[in-house]
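To keep things clear, I will list the structure first and then write my remarks on it.
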Amino acid sequence: MDKLTESERRYAHEQALASTRLEGHIPTPEFLADCEANIKGTMTNEQVRARSLARAIAKIEESAPPIGTRKAKASLFSEAL
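In this note's numbering, the protein residues as written are 1241 to 1321.
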């Protein structure tokens, strides 16, 4: 399979972002910067995914109550519903 050109990568990213925006997703500046790096060829798809996952995990961990507390258990239960 041939590698995509920068303009092809940009078009693909624009289409994907348009689709997610229609669903109500608002991309963060960090995510958009990672996308731009991917378009330019300085970051791989895998690196973009890993950075996005790391940011999501960090956000969850910083907002989660301490494990073992009643609030934590109730919070986890309500999120599962």
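Ideal Cβ placement from N, Cα and C applies to all residues, glycine included.
Within 8 Å, strictly: CB atoms of residue i and residue j
i, j, result
"residue 1257", "residue 1267", "yes"
"residue 1271", "residue 1303", "no"
Where residue i sits in the DSSP three-state scheme
i, result
"residue 1290", "helix"
"residue 1244", "coil"
"residue 1252", "helix"
"residue 1307", "coil"
"residue 1302", "helix"
Residues of its chain near residue i, where Cβ-Cβ distance is below 8 Å and the 5 sequence neighbours each way are ignored
i, result
"residue 1279", "1246, 1249, 1250 and 1253"
"residue 1241", "In this prediction, residue 1241 scores a pLDDT of 48, lower than 50, which makes its location untrustworthy; no coordinate-derived value is stated."
Spatial distance of residue i from residue j (CA atoms)
i, j, result
"residue 1273", "residue 1300", "21 Å"
"residue 1259", "residue 1307", "36 Å"
"residue 1287", "residue 1296", "14 Å"
"residue 1261", "residue 1255", "10 Å"
Same chain, Cβ closer than 6 Å to residue i, neighbours up to 5 away in sequence not counted
i, result
"residue 1277", "1283"
Cβ neighbours of residue i in the same chain (closer than 7 Å, five flanking residues each side left out)
i, result
"residue 1263", "none"
Below-8 Å beta-carbon distance, residue i vs any chain B residue
i, result
"residue 1244", "Any reference to chain B falls outside this structure, which holds one protein chain only."
Exercise for the section: Mind listing, in chain order, the continuous alpha helix (DSSP H) runs of no fewer than 4 residues lying wholly within the stretch 1259 to 1289? Expected result: 1269 to 1280
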